[in-house]
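K.L.:
Numbering (our numbering), first residue to last: 17 to 432.
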Amino acid sequence: MANTAIQDEAQKREIFDSPEVLDVKVGLLAEWILTSNHFIVFTGAGVSTSTGIPDFRSGMNTKLPTGPGVWELKAHGLARNANSAVVSSLRAIPSPTHMALVELQRCGLLKFLVTQNTDGLHRRSGFPPSLLAELHGNTNLERCESCGKEYLRDFQTRRCPQHVHNHYTGRFCDDRTCQGRLIDSIVNFGENLPTVPLQQSFKHAESADLCLCLGSSLRVTPAANIPETVPEHGGKLVIVNLQPTPLDSICDLRIFALVDDVMQRLMQLFEMSIPRFMLARYVRLEFSQLPSELIQDNLDWELHVRGIDEQGQPYSIFVQVDFILPAAFSQGNFSERVEPFVLRQCTPTVPEYIDVRVHFQGHYGEPPVLIHLPIAPLQAKMVQTYRLDFDLQALEWRPNVIFEKDSISPDHKLEP
């Protein structure tokens with residue numbers, strides 16, 4: 017909102033530590049991380065500006081290629097310059113900072129991540145959702161208001177951007193015993209933060225002996241109260257931001273630099289590589305067959321094609337699914353363009369195989385993928401889960417990884 021823009025011009029000024037000073041500060045930060053027992057990170061819009069997503073409070077004279085913050089422009093009654101380096105959050109590629117945090121978690125240094133961002137890039141980068149608190153929601157996530165089931169989408173779930181407090185998306189829970197309304201997960205000004213992520217965040221802040229704040233103005237509460245809790249319980253607080261913040265006076269180390277510069281220096285000191293972002297997609301194929309109750313000596317069989325996330329939860333990633341049957345089956349080929357993507361048939365025998373071509377939203381230019389599914393003639397039910405990795409530099413899919421599992425529990429993370 018325009019009235020949340022920074023009013024004091026001095027508070028808008030961007031400060032940059034010299035390279036020599038920055039090296040000393042990052043060196044100290046590295047020592048603290050290596051000796052910490054419970055290291056957490058708190059991120060704001062500044063971790064995504066290098067991906068092309070504008071922040072909210074950068075001043076009119078910002079050095080950022082994305083230009084002034086959203087609220088700053090509104091406060092001045094201006095539109096964003098057409099030459100600004102801005103992209104949709106759906107097309108944004110996770111930054112070096114996003115990917116460095118993924119690696120720090122993988123190696124056991126980073127215990128928990130709290131973010132104010134709604135762009136979904138932390139989750140897309142591969143950071144485990146169980147160790148991530150998205151305090152202000154995720155533009156790609158909606159949940160059932162009745163049973164709480166979550167649905168991740170490869171599109172923005174908000175239906176009425178002009179009416180931000182109308183969270184109803186027009187879709188319904190696919191649980192037949194529920195069928196409740198789905199609502200987007202975005203938290204607007206004046207609305208309560210989600211209880212569970214908020215409680216988790218404060219719990220980790222109370223246990224943390226080190227908290228690193230990256231790219232946040234630390235002006236929005238109650239989110240900003242989370243890093244403030246760390247020094248209150250004896251932990252160290254480190255803030256990386258170009259502009260001054262209200263918590264500067266209580267932090268143990270203040271770094272004035274771009275967050276990517278800090279994280280790249282940090283990873284060099286750790287002698288750790290920042291992993292390259294790969295777009296991971298999970299596809300689950302569920303085949304079942306039963307003797308037909310309507311036609312003697314025939315089989316009723318069906319094939320469901322579902323997009324899921326790495327924890328096995330629903331993820332809408334397809335715009336079309338093609339079912340391609342062997343030539344011996346006169347039924348031919350079928351295409352579905354609306355979820356659920358399912359092929360149902362009643363035939364004397366089941367096909368030896370079914371080829372499934374999945375078409376994606378294509379935000380990164382990813383082409384369709386053809387999956388060959390052999391069918392076991394006497395198996396009543398078969399479930400195959402595939403991981404597909406898209407290389408954004410080569411613009412091609414890497415070979416499929418197949419998981420020989422009949423089911424995936426909600427807390428089980430798939431690994432290649």
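Even for Gly, the Cβ is constructed at its ideal location relative to N, Cα and C.
1. Taking its Cβ as the centre, do 16 or more other Cβ atoms sit within 10 Å of Gly250, making it buried, or is it exposed?
2. Helix, strand or coil: which one does DSSP assign to Val4?
3. Three-state secondary structure (DSSP) at Phe55?
4. From the DSSP output, in three-state form, read off Ile199 for me.
5. So, does the region 232-252 touch the region 130-145, judging by three or more C-beta pairs under 8 Å?
6. Under the DSSP definition of a beta bridge, which residues are partnered with His320?
7. Indicate whether Pro112 and Ile266 have their beta-carbon atoms separated by less than 8 Å.
8. Strictly by DSSP, which residues pair up with Arg270?
9. Using CA coordinates, which residue listed in Cys227, Leu306 and Tyr184 is at the minimum distance from Ala396?
10. Excluding the five sequence neighbours on either side, which residues of its own chain have a C-beta within less than 8 Å of the C-beta of Leu389, listed in chain order?
11. Using the Cα positions of Glu222 and Val254, report the straight-line distance between them to the nearest angstrom.
12. Please report the Cβ distance between Gly153 and Ile199, rounded to the nearest whole angstrom; I am assuming they are in contact, meaning their Cβ atoms lie under 8 Å.
13. Taking only runs of the alpha helix (DSSP H) that begin and end inside the region 156-231, which ones reach a length of at least 4 residues, in chain order?
14. In chain order, which continuous runs of the beta strand (DSSP E) of length 3 or greater are located wholly inside the region 68-137?
15. Identify which residue in Gly348, Thr363, Asp338 and Pro262 has its Cα closest to the Cα of Glu309.
16. Between which two residues does the beta strand (DSSP E) containing Glu352 stretch?
17. Measuring CA to CA, which of Gly378, Pro342 and Pro393 is closest to Asp316?
18. If you draw a straight line from the C-alpha of Glu30 to the C-alpha of Ser66, how long is it?
19. Count the CB pairs spanning the region 132-145 and the region 181-198 that are closer than 8 Å, and state whether there are at least three.
20. Should Pro243 go down as buried or exposed, given a rule of 16 or more other Cβ atoms within 10 Å for buried?
21. Cutting at 8 Å between CB atoms, please list the residues of its own chain near Val433, excluding the five before and the five after it.
22. So the alpha helix (DSSP H) Arg292 belongs to, where does it begin and stop?
23. How would you call Ser34, buried or exposed, if buried means at least 16 neighbouring beta carbons within 10 angstroms?
24. I need the straight-line Cα distance from Lys41 to His92, nearest angstrom please.
25. Is Val63 helix, strand or coil when you go by DSSP?
26. Taking C-beta to C-beta, are Pro70 and Gly85 nearer than 8 Å?
27. Looking at the secondary structure, which residues open and close the alpha helix (DSSP H) in which Val246 lies?
28. With DSSP as the reference, label Arg403 as helix, strand or coil.
29. Does the pairing of the region 108-127 with the region 275-283 give three or more beta-carbon distances under 8 Å?
30. Within a Cβ cutoff of 7 Å, which residues of the same chain sit near Leu117, ignoring the five residues on either side of it in sequence?
31. Using the three-state DSSP reduction, which class does Ala46 fall into: helix, strand or coil?
32. Quick one: Cα of Asn416 to Cα of Leu258, how far?
33. By DSSP, does Ser146 sit in helix, in strand, or in coil?
34. For the beta strand (DSSP E) holding Gln336, just list the boundary residues, first then last.
35. Rounded to the nearest angstrom, what separates Lys28 and Gly206 at their Cα positions?
36. What are the start and end residues of the alpha helix (DSSP H) that includes Val278?
P.N.:
A quick look at the data gives this:
1. Classification of Gly250: exposed, given that the 10 Å Cβ count is below 16.
2. The question about residue 4 has no answer here: the residues shown for the chain are numbered 17 through 432.
3. Phe55 carries a strand assignment under DSSP once its states are collapsed to helix, strand and coil.
4. Here Ile199 carries a strand assignment [DSSP, helix/strand/coil].
5. Touching, per the Cβ criterion.
6. DSSP output for His320 lists Glu302 and Val358 as bridge partner(s).
7. Result no, Cβ atoms of Pro112 and Ile266 do not sit closer than 8 Å.
8. Partner(s): Ile255.
9. The residue among Cys227, Leu306 and Tyr184 with its C-alpha nearest the C-alpha of Ala396 is Leu306.
10. Taking Leu389 as the centre and dropping the five residues before and after it, the same chain places the C-beta of Leu301, Phe303, Leu319, Tyr369, Ile370, Asp371, Val372 and Gln400 closer than 8 Å to its C-beta, in chain order.
11. Cα to Cα, Glu222 sits roughly 15 Å from Val254.
12. Contact doesn't hold; Cβ gap of about 10 Å is too wide.
13. DSSP runs (the alpha helix (DSSP H)) wholly in the region 156-231: 211-223.
14. Listed in chain order, the complete beta strand (DSSP E) runs (minimum 3 residues) inside the region 68-137 are 126-131.
15. Selected option, being the one with the closest Cα: Thr363.
16. Segment Phe350 to Glu352, the beta strand (DSSP E) holding Glu352.
17. Comparing Cα positions, the closest option is Pro393.
18. CA-to-CA, the gap between Glu30 and Ser66 works out to about 16 Å.
19. Contact between the region 132-145 and the region 181-198 is absent, because fewer than three Cβ pairs lie under 8 Å.
20. With 16 or more other Cβ atoms within 10 Å, it is buried.
21. Since the first and last residues shown for the chain are 17 and 432, residue 433 lies out of range.
22. In this chain, Arg292 is not harboured by any alpha helix (DSSP H), its DSSP state being neither H nor E.
23. Exposed is the call here.
24. Taking the straight line from one Cα to the other gives about 36 Å.
25. If DSSP states are grouped into helix, strand and coil, Val63 belongs with the helices.
26. In this structure, Pro70 places its C-beta atom within 8 Å of the C-beta atom of Gly85.
27. Unbroken alpha helix (DSSP H) run through Val246: Asn241 to Glu248.
28. Residue state, collapsed to three classes: strand.
29. Yes, the region 108-127 is in contact with the region 275-283.
30. Contacts found: Val57, Leu126, Leu129 and Phe143.
31. Three-state DSSP puts Ala46 in a helix.
32. Inter-residue distance for Asn416 and Leu258 is about 43 Å (C-alpha atoms, whole angstroms).
33. Note: Ser146 maps to helix in three-state DSSP.
34. Taken as a continuous stretch (DSSP letters only), the beta strand (DSSP E) holding Gln336 covers Phe334 to Ile340.
35. One C-alpha to the other measures close to 24 Å.
36. Val275 to Leu285 is the extent of the alpha helix (DSSP H) around Val278.
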